[in-house]
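Remarks on the structure that follows.
Number of protein chains: 4
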Amino acid sequence: MENNTNTAIVKIHCPDQSGIVARVTDFINLHHGNIISVDQHVDHNENLFSMRVSWDLTDFSMPREEIRPTFQKFLGDPYQMKWTLNFTDEIPRMAIFVSKASHCLYDLLARYQSGEFRVEVPVIIGNHATLEPIAKQFGIDFVHIPITADTKDEQEKKELEILKKYKVDFVVLARYMQVLSQSFINHFPEKVINIHHSFLPAFAGAKPYHAAHKRGVKIIGATSHYVTTDLDAGPIIEQDINRISHRDSVSTLIQKGKDIEKIVLSRAVKAHIERRTLVYKNRTIIFN
Amino acid sequence: MENNTNTAIVKIHCPDQSGIVARVTDFINLHHGNIISVDQHVDHNENLFSMRVSWDLTDFSMPREEIRPTFQKFLGDPYQMKWTLNFTDEIPRMAIFVSKASHCLYDLLARYQSGEFRVEVPVIIGNHATLEPIAKQFGIDFVHIPITADTKDEQEKKELEILKKYKVDFVVLARYMQVLSQSFINHFPEKVINIHHSFLPAFAGAKPYHAAHKRGVKIIGATSHYVTTDLDAGPIIEQDINRISHRDSVSTLIQKGKDIEKIVLSRAVKAHIERRTLVYKNRTIIFN
Amino acid sequence: MENNTNTAIVKIHCPDQSGIVARVTDFINLHHGNIISVDQHVDHNENLFSMRVSWDLTDFSMPREEIRPTFQKFLGDPYQMKWTLNFTDEIPRMAIFVSKASHCLYDLLARYQSGEFRVEVPVIIGNHATLEPIAKQFGIDFVHIPITADTKDEQEKKELEILKKYKVDFVVLARYMQVLSQSFINHFPEKVINIHHSFLPAFAGAKPYHAAHKRGVKIIGATSHYVTTDLDAGPIIEQDINRISHRDSVSTLIQKGKDIEKIVLSRAVKAHIERRTLVYKNRTIIFN
Amino acid sequence: MENNTNTAIVKIHCPDQSGIVARVTDFINLHHGNIISVDQHVDHNENLFSMRVSWDLTDFSMPREEIRPTFQKFLGDPYQMKWTLNFTDEIPRMAIFVSKASHCLYDLLARYQSGEFRVEVPVIIGNHATLEPIAKQFGIDFVHIPITADTKDEQEKKELEILKKYKVDFVVLARYMQVLSQSFINHFPEKVINIHHSFLPAFAGAKPYHAAHKRGVKIIGATSHYVTTDLDAGPIIEQDINRISHRDSVSTLIQKGKDIEKIVLSRAVKAHIERRTLVYKNRTIIFN
């Protein structure tokens, strides 16, 4: 529904108070906005109210540029809201960072090219050149930016320049094997999505399938999360798992894991593109 | 949350119109009801609005007996709502019908006795006496009502009398191997919950595990649904599945299936007890 | 393991008798074959013994061309075996049939190109030309063979000629929306793999997601099976499912279903390529 | 099959060598044992061969008491096997240790009483008396052995005496909230089965659901493992998971977790009873 018409999406969080749902939906109704979906959640422990509401702009009587100031004045300020407003005709621009593994890149690009993701992918950045042919295959610019411990600072600056040049809104790390610096992350807060190949918090860090095999688990998983300065500890967007057995070697774990990584990353990216994610206290709310 | 305090639960469905969420939440706020949860859904194809809202009655300014007529006047009538109101301090009374298989009965009674279900179980009815000792074990009345094709009418009347005597609100068929008559079902519309041992609509009718084995499926399932006069075709409340393999015989399917049946039935019963289910057009909405 | 060295794979089924495992493994040991894996299964109801055994050929003392006649004489004949022998250095050749939906094709080609499937894909056949650009993108020949009710016979003949020309061993229907004739199937018995977008036997035939939505199921699935002349009734190789809810419309079911279709089809294709499937009585054994 | 007739079960592990499967199955065939199932696995990294084979004793020509010495002489010694032999008419005796939580106890006892487990349960030991009524309900002896830091040594001795008195073969910790001492565990090596309420190795130790909620995971799990002197680090027998969301509070996690704990523990206990588990290098092989 939200993609078929020009739609506004508001995400809110604020201290829980009486009447917020009523006030917000009133605001939309009053100006003849046809509500497409409402999802709200109250975390009673944290006394936190959160909400996502979307409405069809076709008959909305308020000019687009007035929505933000009006909403801020009549709702944002009185309820101490942190809130965002997006329009579905503003297509977000996504960069993909890769190293050598191709499975997540292929999966993202196939979804992009077939129209499953409502997004633009103007550029792929690799610290290796291995996957450049795939970028070519899909007609997307590829920039090779090798990184060593010594060159990290300057190379990350280059990356940021490229992201700026391509007007990138958010970054997906599709099995990118470099740790981003705090400085880089600060440029894209809650805008860098990673896929980690374990069900976090188990097996954080390097070589999780080796660790899983050694521990003898009966289930492996993957976790997509927003990147924070704490390695593999950012807010989790999505996780999934697959059963394994004693028959699996490290190499079959790696193979089976790829399918989970792809699906978990794609779900997280989709939720982000559709503005269904909200982060607070290092956790996420994923709205319907 | 809803069980900790005295809570009102309203479930609504009506033609979709602007402003319903705002009007309903306003009504509660106005009388100082503290909203615990709201979940709404619009089926755009059917133009159907549905909603479940619950609020704490502690500070609610309207006497309990006035809620119904007031809500009907100001909301129910104008919006052509079909709606129900329940209070969590009114504990529903559940009867369990059984034949010979014990696994679902044990599971329901263990949940009941440990306080997992907010429900009363005053009586168990069996068309066989096999499970009477389990009823005794848990201190619950057991009534043996054998049924044959010839005695069905009169025996169902007895069942209805017993349900009346024990003031039963709804009935759970815990692998009860008799088909209820239309007349019986009409006494308990959307109040009889069955567990069928297949992922419906596959393998409706008798001996689904035999049929699943014959067909060579790689997954078996179970389905809990409200009973209608169409056999195994009522609105589905919950389903789940388990992977199987060529190694499974019919008897291991039956064994593995028991675990799915128990969990699916218990989730459906819990959703019903908590008033999270809403039926329309032979489908269910399961509210958060 | 099996892919790292030159390996022989034998699949057997025959009436169950004492000593078969011992005789077969003896045969391999005697000629200094190092067994990599053994998996056997006895279906006691059908009195059917089945087995898959693979061994490293590095030190195997018998010339490759003598294995078949010797095995037949000393094992096949005495035990009335139906059996096959394959070598992992004989790479099977797979054709993909498509219509307009791209998701399964992308998924198969990405796995193929990244080396996940040990297979050759010389040709893609489409009854529409829609996906020709994807074939080009991956550097694979695409043949457009439109089919109408009137042209079906002659067009299928063309398809068979192309399969012959490209020396195709087996065919994957990647959401190919045409029913193959009995004559076509007879040319490729247990060699045509289909993906059906429901958990069969539920929702066989056209538009399964529409049917699933109408029935109000809480789980959708996909099924990969060998194609037989009975529509959607061939032996099932793999199935998987995904949970859905009342929030899902037909279009989100179709979207969510794609992910299951891809993964189920790829697992089935992989099992076939690795010679892990064995069909009997319209069911499959999937060896470890 | 194995439970229907008098069956012998042999579990083996040893360095991988040619011909073991042939030799072992030959041994059984030679004495007219009808093999019911064979499952073998080679861990090529560890060069470890493992196998479970079961056969019907009806026509077996060797007296039962001669099987062990003969097998040891002709197979165990030459192949440096570690192996065990069991007969399905020797019913193992299982003790259950509990604290206050009832869900796993109920589940185990319902399975026991309905004949799902081929086991005897002569005694339940609790460090609290809370669950004594449930033991009574099922007609099983209950012994209350309270434990404090000061009394641990002497109380564990009492427990061991009771296990001896009741001729207990293995112990199931059904949410028993005490850590067993090294000395206790040494009396029952690979004979104490625990259920931990997280997907280990994530959230080892106390209050895993609180930790899971804090971390914001989207999946919770449970793990059944053999108890070793390393807390929550013993060989894993079985794991399973359930999806959760931001809507779940700690208390709903605890509630949803119970269902996973029950099913994971029961599968592990069943695998142990049926002699399908084999431990090596702190991992398990679970035979078919």
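First to last, the sequence lines map onto chains P, A, F and Z. For what it's worth, the numbering used here labels the leading residue of the first sequence as 1441, then goes sequentially. For what it's worth, the numbering used here labels the leading residue of the second sequence as 1441, then goes sequentially. For what it's worth, the numbering used here labels the leading residue of the third sequence as 1441, then goes sequentially. For what it's worth, the numbering used here labels the leading residue of the fourth sequence as 1441, then goes sequentially. Glycine residues also receive a C-beta, built at the ideal position from the N, C-alpha and C atoms.
>> Counting only beta-carbon separations shorter than 9 Å, does residue 1474/P have a partner in chain F?
In response: Along the first sequence, one-based indexing puts residue 1474/P at 34. It does not; no Cβ of chain F falls within 9 Å.
>> Which residues in chain P have a C-beta closer than 8 Å to the C-beta of residue 1688/A? List them in chain order.
In response: In the second sequence, residue 1688/A corresponds to position 248, counting from 1. For residue 1688/A, there are no neighbours in chain P by C-beta distance under 8 Å, as the nearest C-beta there is about 16 Å away.
> Going by beta carbon distance, what residues of the same chain come within less than 6 Å of residue 1490/P, once the five residues before and after it are set aside?
Replying inline: The residue given as residue 1490/P occupies position 50 in the first sequence. 1453, 1481, 1718, 1725, listed in sequence order.
>> Taking CB distances under 9 Å as the criterion, tell me whether residue 1616/A reaches chain Z.
In response: Here residue 1616/A refers to the residue found at position 176 of the second sequence. Not one chain Z Cβ lies under 9 Å of residue 1616/A.
> Mind listing which residues of the region 1552-1575 of chain A have their C-beta closer than 9 Å to chain Z's C-betas, in chain order?
Replying inline: Residues 1553, 1554, 1556, 1574.
> What residue does the beta strand (DSSP E) around residue 1634/P start on, and which one ends it?
Replying inline: Reading the first sequence from its first residue, position 194 is the one you call residue 1634/P. Note, residue 1634/P: beta strand (DSSP E), 1632-1636.
> Can you name the residues that DSSP bridges to residue 1611/A?
Replying inline: Working through the second sequence from its first residue, we reach residue 1611/A at position 171. Beta-bridge pairing links residue 1611/A to 1535/A, 1632/A.
> Helix, strand or coil for residue 1704/P per DSSP?
Replying inline: In the first sequence, residue 1704/P corresponds to position 264, counting from 1. Secondary structure at residue 1704/P: helix, using DSSP grouped into helix, strand and coil.
> What separation, rounded to the nearest whole angstrom, lies between the Cα atoms of residue 1617/Z and residue 1706/Z?
Replying inline: In the fourth sequence, the residue the question calls residue 1617/Z occupies position 177. In the fourth sequence, the residue the question calls residue 1706/Z occupies position 266. Roughly 18 Å separates the two Cα atoms.
> Can you find a C-beta in chain P that's less than 9 Å from the C-beta of residue 1480/A?
Replying inline: Numbered from 1 along the second sequence, position 40 holds the residue referred to as residue 1480/A. True, the Cβ-Cβ gap to chain P drops below 9 Å.
> In chain Z, which residues lie less than 7 Å from residue 1681/P when you measure between Cβ atoms?
Replying inline: Taking the first residue of the first sequence as 1, we reach residue 1681/P at position 241. The contacting residues are 1659, 1681.
>> Quick check on residue 1562/P: does DSSP put it in helix, strand or coil?
In response: Taking the first residue of the first sequence as 1, we reach residue 1562/P at position 122. In the structure shown, the three-state DSSP call for residue 1562/P is strand.
>> I believe residue 1689/Z touches residue 1677/Z by the beta-carbon criterion, under 8 Å. Please report the beta-carbon distance rounded to the nearest angstrom.
In response: Taking the fourth sequence and counting its residues from 1, one reaches residue 1689/Z at position 249. Taking the fourth sequence and counting its residues from 1, one reaches residue 1677/Z at position 237. About 30 Å; that fails the 8 Å criterion.
>> Assuming contact is defined by CB atoms lying nearer than 9 Å, are residue 1565/A and residue 1625/A in contact in what I supplied?
In response: In the second sequence, the residue the question calls residue 1565/A occupies position 125. In the second sequence, the residue the question calls residue 1625/A occupies position 185. Result no, Cβ atoms of residue 1565/A and residue 1625/A do not sit closer than 9 Å.
> Which residues, in chain order, does the region 1515-1539 of chain A contribute to contact with chain Z at a C-beta distance below 7 Å?
Replying inline: Listed in sequence order: no entries.
>> Give me the chain A residues within the contact set of residue 1486/F, using Cβ-Cβ distance strictly less than 7 Å, ordered along the chain.
In response: As a first step, residue 1486/F must be located in the third sequence, where it is residue number 46. In chain order: nothing, as chain A lies at least about 10 Å away.
>> Taking the alpha helix (DSSP H) that residue 1505/P belongs to, which residues open and close that run?
In response: As a first step, residue 1505/P is located in the first sequence; it is residue number 65 there, counting from the start. Taken as a continuous stretch (DSSP letters only), the alpha helix (DSSP H) holding residue 1505/P covers 1504-1511.
> With 16 as the cutoff for other CB atoms within 10 Å, does residue 1694/Z come out buried or exposed?
Replying inline: Here the question's residue 1694/Z lines up with position 254 in the fourth sequence. Looking at its Cβ environment, which holds 16 or more other Cβ atoms inside 10 Å, residue 1694/Z is buried.
> Considering only C-alpha positions, which residue in the set 1502/Z, 1449/Z, 1478/Z is nearest to residue 1458/F?
Replying inline: To locate residue 1458/F, count along the third sequence from 1; it is residue 18. Selected option, being the one with the closest Cα: 1478/Z.
> Around the Cβ of residue 1588/P, are there at least 16 other Cβ atoms within 10 angstroms (buried) or fewer (exposed)?
Replying inline: Taking the first residue of the first sequence as position 1, residue 1588/P is located at position 148. Sixteen is the threshold: since fewer than 16 other Cβ atoms of the shown chains lie within 10 Å of the Cβ of residue 1588/P, the residue is exposed.
> Rounded C-beta distance between residue 1597/Z and residue 1585/Z? I'm assuming under 8 Å.
Replying inline: Taking the fourth sequence and counting its residues from 1, the one referred to as residue 1597/Z is at position 157. Taking the fourth sequence and counting its residues from 1, the one referred to as residue 1585/Z is at position 145. Wrong, their Cβ atoms sit about 10 Å apart, outside the cutoff.
> For chain A, is any of its Cβ atoms less than 9 Å away from the one on residue 1490/Z?
Replying inline: As a first step, residue 1490/Z must be located in the fourth sequence, where it is residue number 50. It does not: the Cβ of residue 1490/Z has no partner Cβ on chain A nearer than 9 Å.
> Which term fits residue 1527/P, buried or exposed, when burial requires 16 or more other beta carbons within 10 angstroms of its beta carbon?
Replying inline: On the first sequence, position 87 is the one that residue 1527/P refers to. With a threshold of 16 other beta carbon atoms within 10 Å, residue 1527/P falls short and is exposed.
> Run through DSSP, which three-state label would residue 1665/P get?
Replying inline: Counted from its first residue, the first sequence places residue 1665/P at position 225. In the structure shown, residue 1665/P adopts extended strand secondary structure according to DSSP, grouped into three states.
> Given a threshold of 16 other Cβ atoms within 10 Å of its Cβ, counted over all protein chains shown, does residue 1385/Z qualify as buried or as exposed?
Replying inline: Residue 1385/Z is absent from the model: chain Z starts at 1441 and stops at 1728.
>> Here's a check: name, in chain order, each residue in its chain whose Cβ is nearer than 7 Å to the Cβ of residue 1723/Z, leaving out the five neighbours to either side.
In response: As a position in the fourth sequence, residue 1723/Z is number 283, starting the count at 1. Around residue 1723/Z: 1675.
> Do residue 1450/Z and residue 1494/Z come within 9 Å of each other at the CB atom, strictly closer than that value?
Replying inline: Locating residue 1494/Z in the fourth sequence gives position 54, where the first residue counts as 1. Locating residue 1450/Z in the fourth sequence gives position 10, where the first residue counts as 1. Less than 9 Å divides the Cβ of residue 1494/Z from the Cβ of residue 1450/Z.
> Using a beta-carbon distance cut-off of less than 7 Å, what residues from the region 1456-1473 of chain P approach chain A?
Replying inline: Residues of the region 1456-1473 of chain P with a Cβ closer than 7 Å to any Cβ of chain A, in chain order: 1458, 1459, 1461, 1462, 1465, 1466, 1469.
> Just to confirm, are residue 1714/F and residue 1666/F a CB contact at a threshold of 9 Å?
Replying inline: On the third sequence, position 274 is the one that residue 1714/F refers to. On the third sequence, position 226 is the one that residue 1666/F refers to. No, the pair does not count as a contact, with Cβ atoms beyond the cut-off.
>> Please confirm whether residue 1664/Z has its beta-carbon closer than 9 Å to some beta-carbon of chain F.
In response: To locate residue 1664/Z, count along the fourth sequence from 1; it is residue 224. Chain F, which has no Cβ nearer than 9 Å to the Cβ of residue 1664/Z, makes this no.
> Does residue 1582/A get closer than 9 Å to chain Z when you measure Cβ to Cβ?
Replying inline: Working through the second sequence from its first residue, we reach residue 1582/A at position 142. Chain Z contact via Cβ: absent.
> Does DSSP classify residue 1463/P as helix, strand or coil?
Replying inline: Counting from 1 along the first sequence, the entry for residue 1463/P is found at position 23. If DSSP states are grouped into helix, strand and coil, residue 1463/P belongs with the helices.
> Smallest Cα separation from residue 1538/P: which of 1700/P, 1472/P, 1612/P, 1645/P?
Replying inline: Counted from its first residue, the first sequence places residue 1538/P at position 98. For the residues 1700/P, 1472/P, 1612/P, 1645/P, the minimum Cα distance to residue 1538/P belongs to 1612/P.
> Enumerated in chain order, which unbroken segments of the beta strand (DSSP E) with a length of 3 residues or greater are wholly contained in the region 1538-1598 of chain F?
Replying inline: Look at the region 1538-1598 of chain F and you find these whole runs of beta strand (DSSP E), each 3 residues long or longer: 1560-1566, 1581-1584.
> Does DSSP put residue 1443/P in a helix, a strand or coil?
Replying inline: As a first step, residue 1443/P must be located in the first sequence, where it is residue number 3. Here residue 1443/P carries a coil assignment [DSSP, helix/strand/coil].
> What residues of chain A sit near residue 1699/Z, judged by a beta carbon separation below 7 Å?
Replying inline: Position 259 of the fourth sequence, counted from the first residue, corresponds to residue 1699/Z. The contacting residues are 1703.
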